[in-house]
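Heads up, the thing below is written out as C-alpha cells.
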Ligand SMILES: CC(C)(COP(=O)(O)OP(=O)(O)OC[C@H]1O[C@@H](n2cnc3c(N)ncnc32)[C@H](O)[C@@H]1OP(=O)(O)O)[C@@H](O)C(=O)NCCC(=O)NCCS
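In this note's numbering, the protein residues as written are -14 to 203.
Right, here's the structure in full:
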C-alpha cells in the first residue's frame, strides 16, 4: 500500500529515543524483513547511537507526527579511499562503537524509508539534511556503501560485479545506487560481501560526496 503525502510537508529532525519502535519497523520492512528482525536496529542500539552522536541521527516525519524515514550516521577519520570493510565491522555494531567524534568524514550507517512512503521524495529530503549537516560541521564529505538493491532482477543474467559496472555506466538503473549518483555521489568502487542482503547479491557500491564548502582547519 502506498500512502500519498506531499514531500514539502515532510520535516526532518534529530532522532529521539521514543522513535525507536518506528525506526525498527521502517528498517525491517524496507529491507524486505519483518518486525523483530535482529539486524534492524532497535531501542537499545538507538539509545547508544544517541549517546554517542545524537546530532548525526535523523528521522523524516509527516505533519501528523508519524516517523516514515530514518538515516543513521557516524563520523570517521578513515578516508573513503581506504580498503572498505563489511558494514558491521565498519560501524562497530549497531551501537556505532566506531563513531569518532573528531572524524573528518560522515559515514552513512543506515538509511531507509517506510515502504508505504517510498518514491515520494522523502529519501531526497533526508539526503539534503545530511549534506547540510556535513557543511555545518565543515567535514570533508559524506560516504557510504549503497547496496545494489536491484541486482536480484538480473541475477540470472550476470554477476553482481557486472551489474555494478552497468549501474555506474548508467546502462542499468538501480533503485538505490542510481538514485545516490543523481544526488551528487561519485561511485568509487564495488564492494563485494558488504552486508547480508540477498536482493543486492550481498554487494554494494562505495559512493562519496565531497563537501564543496570544506575549509581546511590549521
Ligand atoms: C533508497 C530509499 C531510502 C529511497 O527513499 P525514497 O523516499 O523512496 O526516495 P525518493 O522518493 O526521495 O526518491 C529518490 C529517487 O529514487 C527513485 N526511486 C525511489 N524508489 C525507487 C524504486 N523502487 N525504483 C527505482 N527508483 C526509485 C526516485 O524516482 C527518485 O529519483 P530521482 O533521483 O530522479 O529524484 C528507499 O527506497 C528505501 O528505503 N529502500 C530500501 C532500503 C535501501 O535500499 N536503503 C539504502 C541502503 S544503502
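The beta carbon of each residue, even a glycine, is placed where N, CA and C say it ideally should be. Remember, predicted model here, so these are calculated numbers, not experimental data.
Would you kindly report the start and end of the unbroken alpha helix (DSSP H) that includes residue i?
{"i": "residue 6", "result": "5 to 15"}
{"i": "residue 163", "result": "162 to 167"}
{"i": "residue 128", "result": "Counting along the chain, residue 128 falls outside any alpha helix (DSSP H), though it belongs to the beta strand (DSSP E) covering 126 to 132."}
{"i": "residue 108", "result": "107 to 121"}
{"i": "residue 31", "result": "28 to 38"}
{"i": "residue 46", "result": "Premise fails: residue 46 lies in the beta strand (DSSP E), 42 to 46, not in any alpha helix (DSSP H)."}
Let me know if residue i comes out buried or exposed under the rule of 16 or more other beta-carbons within 10 Å of its beta-carbon.
{"i": "residue 2", "result": "exposed"}
{"i": "residue 189", "result": "buried"}
{"i": "residue 41", "result": "buried"}
{"i": "residue 69", "result": "buried"}
{"i": "residue 178", "result": "exposed"}
{"i": "residue 202", "result": "exposed"}
{"i": "residue 34", "result": "buried"}
{"i": "residue 67", "result": "exposed"}
{"i": "residue 6", "result": "exposed"}
{"i": "residue 182", "result": "buried"}
{"i": "residue 126", "result": "buried"}
{"i": "residue 37", "result": "buried"}
{"i": "residue 200", "result": "exposed"}
{"i": "residue 39", "result": "exposed"}
Expressed to the nearest angstrom, what Euclidean distance is found between the alpha-carbon atoms of residue i and residue j?
{"i": "residue 118", "j": "residue 4", "result": "20 Å"}
{"i": "residue 142", "j": "residue -1", "result": "42 Å"}
{"i": "residue 74", "j": "residue 27", "result": "18 Å"}
{"i": "residue 9", "j": "residue 89", "result": "28 Å"}
{"i": "residue 55", "j": "residue 147", "result": "30 Å"}
{"i": "residue 211", "j": "residue 20", "result": "This structure cannot speak to residue 211, because the chain is shown only from -14 to 203."}
{"i": "residue 72", "j": "residue 180", "result": "6 Å"}
{"i": "residue 163", "j": "residue 149", "result": "10 Å"}
{"i": "residue 49", "j": "residue 109", "result": "20 Å"}
{"i": "residue 53", "j": "residue -9", "result": "13 Å"}
{"i": "residue 186", "j": "residue 140", "result": "8 Å"}
{"i": "residue 197", "j": "residue 123", "result": "10 Å"}
{"i": "residue 138", "j": "residue 100", "result": "18 Å"}
{"i": "residue 130", "j": "residue 91", "result": "12 Å"}
{"i": "residue 144", "j": "residue 161", "result": "18 Å"}
{"i": "residue 58", "j": "residue 114", "result": "12 Å"}
Using only CA atoms, which one of the options lies nearest to residue i?
{"i": "residue 166", "options": "146, 186 and 192", "result": "192"}
{"i": "residue 65", "options": "160, 39, 170 and 161", "result": "170"}
{"i": "residue 87", "options": "185, 61, 103 and 106", "result": "61"}
{"i": "residue -7", "options": "105, 24, 195 and 194", "result": "105"}
{"i": "residue -3", "options": "121, 120, 112 and 195", "result": "112"}
{"i": "residue 116", "options": "168, 30, 24 and 85", "result": "168"}
For chain C, check one thing: does any of its Cβ atoms lie closer than 8 Å to the Cβ of residue i?
{"i": "residue 156", "result": "Note that chain C does not occur in the displayed structure, where there is just one protein chain."}
> Would the region 132 to 140 and the region 44 to 54 be scored as touching if the rule is three or more Cβ pairs under 8 Å?
Replying inline: Under the three-pair Cβ rule at 8 Å, the region 132 to 140 does not count as touching the region 44 to 54.
> Below 8 Å, can you find three or more Cβ-Cβ pairs linking the region 76 to 88 to the region 4 to 16?
Replying inline: In short, these stretches do not touch, since the Cβ pair count stays below three.
> Below 8 Å, can you find three or more Cβ-Cβ pairs linking the region 150 to 159 to the region 92 to 112?
Replying inline: Segments in contact, no.
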